[in-house]
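Comments concern the structure below.
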Amino acid sequence: MAHLEDRQASTRAAGVVGIAVLCSRLLGLIREMIFAGLFGAGRNLDAFLMAFRLPNLLRDLFAEGALSTAFITTFSKKIAVEGDPPAWRLANKVATLTAVFM
Numbered sequence: 026m027a028h029l030e031d032r033q034a035s036t037r038a039a040g041v042v043g044i045a046v047l048c049s050r051l052l053g054l055i056r057e058m059i060f061a062g063l064f065g066a067g068r069n070l071d072a073f074l075m076a077f078r079l080p081n082l083l084r085d086l087f088a089e090g091a092l093s094t095a096f097i098t099t100f101s102k103k104i105a106v107e108g109d110p111p112a113w114r115l116a117n118k119v120a121t122l123t124a125v126f127m
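In structure tokens:
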């Protein structure tokens with residue numbers, strides 16, 4: 026029975042993450058529309074986007090890219106093998122390092 030509850034919790038968590046990603050994409054679209062309205066098409070928008078690109082690239086790498094995929098796999102295995110406290114210590118370390126390097 027606990028396995029079924031774990032599966033339901035995982036499914037619910039995946040749904041929440043999916044909804045959060047969808048909201049993020051919609052907000053990104055709105056952001057782009059606002060930028061186009063404020064700057065217009067031209068040098069000012071180009072300069073802003075170039076300045077914005079590096080932090081955005083880092084966010085993509087760490088928050089949505091290889092690090093997140095590797096972390097989710099490792100975190101799930103750590104919970105299964107060692108339990109919650111060691112897994113959350115790992116999560117805290119990864120979050121701290123990500124914050125320091127961003």
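Our numbering numbers the first residue of the sequence shown as 26 and each following residue consecutively.
We put the beta carbon where it would ideally sit given N, CA and C, even for glycine.
Keep in mind the model is a prediction, meaning the values are calculated, not measured.
For G67, name the three-state secondary structure that DSSP assigns.
The residue labelled residue 67 in the question sits at position 42 within the sequence shown. Three-state result, G67: coil.
Does the Cβ-Cβ distance between L157 and K103 come in under 8 Å?
What is shown of the chain runs 26 to 127, which leaves residue 157 out entirely.
Is it the case that the Cβ atoms of L52 and F60 are separated by a distance below 8 Å?
As a first step, residue 52 is located in the sequence shown; it is residue number 27 there, counting from the start. As a first step, residue 60 is located in the sequence shown; it is residue number 35 there, counting from the start. Against a cut-off of 8 Å, the Cβ pair of F60 and L52 comes out as no contact.
Considering only residues of the same chain and omitting the five flanking positions on each side of T99, which have a CB-CB separation below 8 Å?
In the sequence shown, residue 99 corresponds to position 74, counting from 1. Excluding positions up to five away in sequence, the list reads L115.
Indicate whether V125 and F96 have their beta-carbon atoms separated by less than 8 Å.
To locate residue 125, count along the sequence shown from 1; it is residue 100. To locate residue 96, count along the sequence shown from 1; it is residue 71. Result no, Cβ atoms of V125 and F96 do not sit closer than 8 Å.
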